[in-house]
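Undergrad: Numbering of the sequence shown is given in this note's numbering, commencing with residue 113 and proceeding in unit increments.
Don't be surprised by glycine CBs; every beta carbon is placed ideally from N, CA and C.
Values in this document were obtained by computation on a predicted structure and should not be read as measured data.
Here it is, the structure, as structure tokens.
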Amino acid sequence: MKQLHPDIWIADAPLRFYGLEVGARMTIVRLPGGGLLLHSPIAASDALVQEVKALGPVAILVAPNLLHHLFVDQWQRAFPEAATYVAPGLDVKRADLTITGVLGDEPEAGWEGALDQVPLAGFPFANEIVFFHRPSNTLIAADLAFNVGPTSPPLTRLVFRLGGSYGRVAPTLLERLLVRDRRAFRSSLERILEWPFERIVMAHGEVSEEGGREALIRGYGWVLGEGGG
């Protein structure tokens, strides 16, 4: 694990998506009460579970979109007392999970005051909920944006170069192809851009430590328009 802020850690793991190594990242947030929230859980290895336990009790598991749910059951077994919140649609897709609630437009009581959230409308392929950690001005996302750089494998770098999104905070071609309601999508982005974030922690690629808001505006210029946001 790596600590980004007194109350935020990340843990990375390999992950292939349609044969392409894109990696995966879990974000761990310490809530005001001392409990931990695990965003986008990765595989629960024995070593990682012990590292997380050393930080404090796991109170909440969050599967933030329709794609980032594969390892939630492993963490439920490791921490059966934790509440589990999922993106809309996962309650049907993952009926095998014990689900506390479905994520919406307002923070749950368990993280209210520490984390704000916005559903990313118009992109039903993911149905992602994007979070903002107030104490650290950090945007926490899954597939809202990627940041694939020189630490990624050669084939991954090539694919992202061909897609025009290598070496910067940007969405993938999936967003361009699968956004179904551009007006709703833009409205969600504009709400996200109201947050004063600098750092962006995304699930794939490198963490963007500075200038995250401006980088996201540039990456989504095709939706926001020149000078949007």
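1) Any chance you could list the alpha helix (DSSP H) runs of at least 4 consecutive residues sitting entirely within the segment 169 to 198, in chain order?
2) Alpha carbon to alpha carbon, how far is R63 from I154?
3) According to the neighbour-count rule (16 or more other Cβ atoms, all chains shown, within 10 Å of its Cβ), is E338 buried or exposed?
4) Applying the 10 Å Cβ sphere with the 16-neighbour rule, what's the burial state of L285?
5) Does DSSP classify T268 as helix, strand or coil?
6) Could you tell me the boundaries of the beta strand (DSSP E) in which D228 lies?
7) Quick check on the DSSP output: the alpha helix (DSSP H) that includes F297 runs from which residue to which?
8) Return the bridge partner residues of I211 from the DSSP annotation.
9) Kindly indicate which three-state DSSP category I329 falls into: helix, strand or coil?
10) At which residues does the alpha helix (DSSP H) containing L143 begin and terminate?
11) Since E287 sits in a beta bridge, which residues does DSSP pair it with?
12) Would you call R273 buried or exposed, if buried means 16 or more other Cβ atoms sit within 10 Å of its Cβ?
13) Shortest alpha-carbon distance to L215 belongs to which of G225, D208, A207 and L232?
TA: Let me spell this out:
1) 184 to 190
2) Residue 63 lies beyond the residue range present for the chain, which begins at 113 and ends at 341; the question has no answer from this structure.
3) Caution is warranted here: a pLDDT of 43 is assigned to E338, below 50, making its placement in the model unreliable, and no coordinate value can be reported.
4) exposed
5) helix
6) L227 to P231
7) R294 to I304
8) Paired residue(s): none; I211 is not in a bridge.
9) helix
10) Unbroken run through L143: none, as it is neither H nor E.
11) DSSP, once it has assigned bridges, lists no residue as partnering E287.
12) exposed
13) L232
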